[in-house]
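Residue numbers (this note's numbering): 314 to 398. To start, the structure itself, in structure tokens.
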């Protein structure tokens with residue numbers, strides 16, 4: 314149970330940092346920010362394993378989670394930009 318709480322807290326921090334780094338109008342409030350951070354951690358873990366940085370069973374660290382969240386926000390902005398045009 315404590316692991317899930319820790320994951321949510323780290324997800325919130327990573328999501329908030331990603332929103333600060335990439336300017337623009339992002340969706341949602343605190344829960345969407347947390348989900349972006351958690352999804353970024355999953356994406357960061359997948360990328361890290363694909364390039365051989367993480368072994369099976371290891372999860373992404375803080376920086377790789379932030380990279381994953383930044384990628385997700387970048388994709389969101391690209392989709393929104395193409396819909397507006």
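No residue lacks a Cβ here, since even glycine has one placed at the ideal position from N, Cα and C.
Asked: Tell whether a beta-carbon distance below 8 Å holds between residue 385 and residue 352.; Found: yes
Asked: Could you name the residues of the same chain whose beta carbon sits closer than 8 Å to that of residue 329, not counting the 5 residues immediately before and after it, in chain order?; Found: 346, 350
Asked: Output the distance between the C-alpha atoms of residue 393 and residue 382, rounded to the nearest integer angstrom.; Found: 17 Å
Asked: What residue range is occupied by the uninterrupted alpha helix (DSSP H) comprising residue 393?; Found: 375-397
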